[in-house]
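In this note's numbering, the protein residues as written are 20 to 442. In this text, a Cβ means the ideal position worked out from N, Cα and C, and glycines have one as well. The block underneath contains the structure these notes are about, expressed in C-alpha cells.
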Ligand SMILES: [Zn+2]
C-alpha cells in the first residue's frame, strides 16, 4: 500500500521502489505515503488483536517487505506510581535497550529489500548499537564511525555484533565527515553502500511512528492530552505525529476522549524536552521561529540530546505549534536527580534522556500547562544500563568520590561542534 515518498518541504513525489535519501531539490525530509483509503477498506484496528507484540503488528501501514525483526516495539505503557493519569512508555525494553531499535529495524528491512550491502552510520550512541544488531540479523555489513572515546556500552555491543567499527580520533562531526568522504568514493555506488543517518533515510521515521500507534492502541484507541518526548533528532516526534494523521484517515481512533474535555482536535499536545546544554528547539520555540539555529558548544550527559541542529527542525517546530504543545529544557543536575528518582519511585532505570521527561512534566504541572486530570505519556527512550559511565555518581556527590563531577571528567560532557547524533 506504500505508493510513493513525498517531500515535507515542497511536496515533490519520489518513487518508493528504490533507495531514496532526501529531496533532491531542497533537501527536505521524505515521508512514506500510503493508499490509506484502500487500507481503510481492507484492514481495521480490530484485526490487530492476537497479533505478535512487536511493531510489525502494524504492517498494514508499513512498507511491504520481509521484516528484519528482533522483537522490537509494543513496549509496556506503565502507569506512574507517583502521578495518577501519567504513563511511562518504557522503550528501554527494546532490543539493544533503546527506541532506536524501531527505526533501524525498518531501515535495515528496507536496505535488505533493496539489496544494499554496506550500511554506514556516524554515531556515538544507541543508533550504532541498533544498526549493528539489525545488520547482523539481516546478514548485511554495518560500518560504524564513532569517536574513540565513545561510551563503552555502545562500542562493545557494536564489536560483538560483528560491525566494522572505525574509531575516529575526533568528534562525532569528524565521523560524519568520514562518511561524507566515503560517499564521494567510487566504491560507494559500486559496492552497494548506503547512509542510514537520522532523517536522511525515509524509513527510520516509519519505524518510529509505531510508537504513536502503540500509544493509541494501549490507551484503547484514545489519545492522551499530552506526550512528552526527549528531542534530539526528533524522529520519534515526527513519526508519532505522522501516525496520528494516518490513524485519523484510517478511522482507527475512538471519538471518545481520555480525561479532561478538549475543544477541537483529539491530538495530544506534543512537548519536546531538551537538555539545557543543548536546546536549539527550545530556543527557537521561545523566539517564535520556524527553524532552529546551530547550538554552539553543545554539552550534556544525555548523549541522545546532543544534537545542535536537528535536520527535521522545521517539522518539529511545526508540530509543537499545531498541537499547542511547548518545549522545555532540563539541566544535567535536574536530569540526574530525575533518573535516580524514577528508579527509586517507579522501579524504572531510565536513560537520562527519558528521565528528562519527568523534569519537564514537573515544570509543566507547576506552571499549569498540564492539569492533574490530564492523561500524559512520558517517553523513556532507553535503558539506564547503556549509560553506566555517566550515571555512576554518588547520590549527594561525595566531594572526594572519584566519579563525581560528570561535567568535568566524563567524555560525554566534552564540548562538541558540528552536526551531532543521535544518528
Ligand atoms: Zn522538496
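Looking at the structure shown, is residue i part of a helix, part of a strand, or coil, going by DSSP?
i: residue 289; result: strand
i: residue 421; result: In this prediction, residue 421 scores a pLDDT of 44, lower than 50, which makes its location untrustworthy; the coordinate-derived value is nonetheless stated afterwards. Here residue 421 sits in coil by DSSP.
i: residue 192; result: helix
i: residue 52; result: strand
i: residue 434; result: The predicted position of residue 434 is uncertain, since its pLDDT is 39 and thus under 50; a value taken from the coordinates is nonetheless stated next. Coil at residue 434, not helix or strand.
i: residue 216; result: coil
i: residue 339; result: helix
i: residue 124; result: helix
i: residue 20; result: coil
i: residue 108; result: strand
i: residue 173; result: helix
i: residue 248; result: strand
i: residue 297; result: strand
i: residue 376; result: helix
At which residues does the beta strand (DSSP E) containing residue i begin and terminate?
i: residue 166; result: 160–166
i: residue 311; result: Here residue 311 belongs to no beta strand (DSSP E), and DSSP marks it neither H nor E.
i: residue 345; result: 345–349
i: residue 11; result: Any property of residue 11 remains undetermined from this structure, which presents the chain solely from 20 to 442.
For residue i and residue j, what's the separation of their Cα atoms in angstroms?
i: residue 320; j: residue 106; result: 25 Å
i: residue 165; j: residue 140; result: 9 Å
i: residue 84; j: residue 127; result: 11 Å
i: residue 182; j: residue 411; result: 28 Å
i: residue 197; j: residue 117; result: 25 Å
i: residue 419; j: residue 402; result: Confidence in residue 419 is poor, its pLDDT being 42 and thus under 50, which makes the residue's placement unreliable; the coordinate value appears in the next sentence. Approximately 28 Å between the Cα atoms of the pair.
i: residue 33; j: residue 202; result: 21 Å
i: residue 112; j: residue 20; result: 30 Å
i: residue 63; j: residue 80; result: 11 Å
i: residue 24; j: residue 297; result: 31 Å
i: residue 234; j: residue 391; result: 19 Å
i: residue 237; j: residue 71; result: 14 Å
i: residue 346; j: residue 102; result: 21 Å
i: residue 157; j: residue 377; result: 36 Å
i: residue 315; j: residue 325; result: 11 Å
Answer with buried or exposed for residue i, where buried requires no fewer than 16 other C-beta atoms within 10 angstroms of its C-beta.
i: residue 327; result: buried
i: residue 299; result: buried
i: residue 286; result: buried
i: residue 159; result: buried
i: residue 26; result: buried
i: residue 163; result: buried
i: residue 13; result: For the chain, the structure presents residues 20 to 442; residue 13 sits outside this window and is missing.
i: residue 225; result: buried
i: residue 98; result: exposed
i: residue 363; result: exposed
i: residue 417; result: Because the pLDDT at residue 417 is just 47, under 50, the model does not fix this residue reliably, and the value given afterwards should be weighed accordingly. Result: exposed.
i: residue 30; result: exposed
i: residue 167; result: exposed
i: residue 344; result: buried
Considering residue i, what are the terminal residues of the alpha helix (DSSP H) in which it resides?
i: residue 153; result: 145–157
i: residue 269; result: 254–269
i: residue 409; result: 407–410
So, under 8 Å CB-CB, residue i and residue j are touching, yes? Tell me the CB distance rounded to an integer number of Å.
i: residue 171; j: residue 393; result: That pair is no contact at about 40 Å.
i: residue 115; j: residue 176; result: 7 Å
i: residue 361; j: residue 336; result: That belief does not hold up - the Cβ atoms of residue 361 and residue 336 are roughly 28 Å apart, past 8 Å.
i: residue 400; j: residue 370; result: 6 Å
i: residue 215; j: residue 150; result: 6 Å
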